[in-house]
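Working notes for the structure below.
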């Protein structure tokens, strides 16, 4: 034995530590995924309930879009101010705070007796989504074994988009067929969140070097080596997010005012389909060559915009459902491409920051168009507003597609 060899006891201790880490990770990953899912579920519970809140508190369609935009702006503010928090103080405490904020939002909705309560709840909900998105995604990647990073990213996708999809479907079904439609969905949400908190004891902290948090406005920052690919993916995915935001805010209004369909479960189903397809689109990036992903996404966004415009002009639900599905698939492909760029070109200590920057761009593109659509609805009606918005999304997606061959030739 040479002097560089470890004694048998030391080697056994090392094996035990490594084995313990991966056993802990095996238990931690489901706990993290559930916390991520439960938090995101709470963010879309209001979607089928907006028409009920309109009648209850007497506000306009424009205010519905403002309520949704307040949530998105809360996400952006949280990502810009708190995006690096899990890199600084650790993943687990940030996930716990996100769960508590989500529970606070559900509690405000449960007690709401006016518009101010709803706005405050949406701010808390946005902050919870901001915290959980960066911290849980980074934690799942941190805890993955060396050959399991792609699987960990898939789990993060399923938890994120699965939660968004589940919230609207659960809420729609409960509002349609159970009593207390403005109370029971939030009670169920609180139960789901309460179950996630104690499970965090199974999650080991993956950030080794923690520092004092610096709560300051964080510039949107991406490593220079991936900047071009990152921004193209973010612009494409952001276009799809804009459509998802409008669908989430006004699907109930469209079904009720133009089609005279007031089934809350149907509203939930349309948005559920959009978010489910967004998850499927992200999984499709596993088989799509990277250079094909964004052209496919842009083509899908143009097709989805055409289908949604057709639904509005023909006053038909079928093209709306198809458009929601196609938009979800296209958006998912663009999001998956962006996350793949981040994971492949960002060091672990900057990964939470880069993921937060990516989603800050997406949620910024989600919030402003929603308010614009609300203003157009007030001025010109739902049909005109929807057709104009669909045309703008199609133009933006087509513009990105036109620029892709040039970017490929220059390597940017």
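Residue numbers (my numbering): 178 to 589. Glycine included, C-beta positions come from ideal geometry on N, C-alpha and C. Remember, it's a predicted structure, so these values are computed and weren't measured experimentally.
At a cut of 8 angstroms, does the segment 509–517 reach the segment 222–235 through at least three beta carbon pairs? Touching, no, given that fewer than three Cβ pairs across the two stretches are closer than 8 angstroms.
Less than 8 angstroms separating the beta-carbons of residue 502 and residue 451? Their beta carbons are under 8 angstroms apart, which means residue 502 touches residue 451 by this criterion.
Distance check for residue 319 and residue 445, CA to CA, integer angstroms please. Between residue 445 and residue 319, the C-alpha separation is close to 34 angstroms.
Which listed residue (218, 480, 570 and 550) has its alpha carbon closest to that of residue 306: Ranking 218, 480, 570 and 550 by Cα distance to residue 306 puts 218 first.
Decide if residue 468 is buried, meaning its Cβ has at least 16 other Cβ atoms within 10 Å, or exposed. Taking all protein chains in view, the Cβ of residue 468 is surrounded by fewer than 16 other Cβ atoms within 10 Å, so the residue is classified as exposed.
Cβ of residue 276 within 8 angstroms of Cβ of residue 342? No; because the gap between Cβ atoms is not below 8 angstroms, this pair is not in contact.
Which whole runs of the beta strand (DSSP E) in the segment 404–458 are 3 residues long or more, in chain order? Within the segment 404–458, no run of beta strand (DSSP E) reaches 3 residues while sitting entirely inside it.
Residue burial classification, residue 264 (beta-carbon count within 10 angstroms, cutoff 16): So residue 264 ends up on the buried side.
With respect to the alpha helix (DSSP H) encompassing residue 245, which residues constitute its N-terminal and C-terminal limits? Its alpha helix (DSSP H) spans residues 238–259.
Let's see if you can read the secondary structure: which residues bound the alpha helix (DSSP H) around residue 331? Per DSSP, the continuous alpha helix (DSSP H) segment holding residue 331 begins and ends at 326–354.
Is the beta carbon of residue 282 sitting closer than 8 angstroms to the one on residue 302? Contact flag set, yes.
Would you report the Cα separation of residue 429 and residue 438, rounded to the nearest angstrom? Whole-angstrom Cα-Cα distance: 9 angstroms.
Within 8 angstroms, do at least three Cβ pairs link the segment 536–544 to the segment 486–493? They do not touch, by the three-pair rule.
If you reduce the DSSP assignment to three classes, tell me which class residue 382 lands in. DSSP places residue 382 in the coil class of the three-state scheme, outside both helix and strand.
For residue 523, which residues from the same chain have a beta carbon less than 6 angstroms from its beta carbon, with the 5 sequence-adjacent residues on both sides left out? Answer for residue 523: 400 and 531, listed in chain order.
How would you write the range of the alpha helix (DSSP H) that residue 463 sits in, first residue to last? Note, residue 463: premise wrong, no alpha helix (DSSP H); not H, not E.
According to the Cβ coordinates, are residue 285 and residue 297 closer than 8 angstroms? Yes, Cβ-Cβ distance for residue 285 and residue 297 is below 8 angstroms.
What does the alpha-carbon distance come out to for the pair residue 496 and residue 476? Their Cα atoms are separated by approximately 17 angstroms.
Within the same chain, show all residues whose beta-carbon is closer than 7 angstroms to that of residue 385, passing over the 5 residues directly before and after it, in chain order. Within the same chain, residue 385 has no close Cβ partners at all.
Please state whether DSSP places residue 198 in a helix, a strand or coil. In this prediction, residue 198 has a pLDDT of 48, which is less than 50 and means its spatial position is unreliable; what the coordinates show is noted afterwards. When DSSP states are grouped into helix, strand and coil, residue 198 belongs to the helix group.
Do three or more CB pairs link the segment 342–355 to the segment 403–410 at distances below 8 angstroms? By the criterion of at least three beta-carbon pairs nearer than 8 angstroms, the segment 342–355 is not in contact with the segment 403–410.
Closest to residue 349 by C-alpha separation, out of 462, 221 and 525, would be which residue? The closest CA to that of residue 349, considering only 462, 221 and 525, is found on 221.
Return the chain-ordered ranges of every alpha helix (DSSP H) run that is complete within the segment 464–495 and spans a minimum of 4 residues. Segments of the alpha helix (DSSP H) lying fully in the segment 464–495: 467–491.
Using DSSP with H/G/I as helix, E/B as strand and the rest coil, what is residue 549? Collapsing the DSSP output to three states places residue 549 in a helix.
With a threshold of 8 angstroms, are at least 3 pairs of Cβ atoms found where one atom belongs to the segment 267–275 and the other to the segment 374–384? Counting Cβ pairs under 8 angstroms, three or more are found: they touch.
Can you check which of these residues, 370, 459 and 256, is closest to residue 208 by C-alpha distance? Nearest option by C-alpha distance: 370.
Would residue 456 and residue 339 be called neighbours here (beta carbons separated by less than 8 angstroms)? Yes, the Cβ-Cβ distance between residue 456 and residue 339 is below 8 angstroms.
For residue 523, the three-state DSSP class (helix, strand or coil): Coil, per DSSP.
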